[in-house]
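Since the structure comes first, as structure tokens, the remarks are kept for the end.
In the working numbering, the protein residues as written are 20 to 127.
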């Protein structure tokens, strides 16, 4: 196992973190909660953190689709783009549910 990690230059990560999850981006920069810009208002957070993110990902996939002539790659990217569209639609539906429930008395 260590030999496999050495082969793909992951041994330093293994030494520092063993087999525990260690969140980092593709450049190896560790995740920080500073990336989360939550406001505490569920509707605002859904718009800012979820819907906007899904739409940015959709736009990125579309840009990549337009950049290639490879039909197989385009098919994969189209699947991922459609998945982002569905995610965005579900978040929008959630916002509407929350808006309709705003102001109603909640009894738990």
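Ideal Cβ positions, reconstructed from N, Cα and C, are used throughout, including at glycine.
DSSP bridge partner residues for residue i (one or two, in chain order)
i	result
residue 115	DSSP, once it has assigned bridges, lists no residue as partnering residue 115.
residue 67	Residue 67 pairs with nothing; no bridge assigned.
residue 43	49
Closest Cα partner of residue i within the set the options
i	options	result
residue 103	57, 89, 91 and 76	76
residue 56	120, 71, 47 and 46	71
residue 78	101, 60 and 62	101
Residues of its chain near residue i, where Cβ-Cβ distance is below 7 Å and the 5 sequence neighbours each way are ignored
i	result
residue 106	73
residue 83	96
residue 61	117
residue 126	none
residue 69	110
Neighbourhood of residue i by C-beta distance below 6 Å, restricted to the same chain and skipping five residues each side
i	result
residue 99	80
residue 95	none
Beta-carbon contacts of residue i that lie in its chain and below 8 Å, excluding the five residues immediately before and after
i	result
residue 50	42, 43 and 44
residue 65	110, 113, 114 and 117
residue 93	84 and 87
Practice task
Taking 8 Å as the threshold, find out whether the region 76-94 comes into contact with the region 110-127 through three or more Cβ pairs.
Solution key: no
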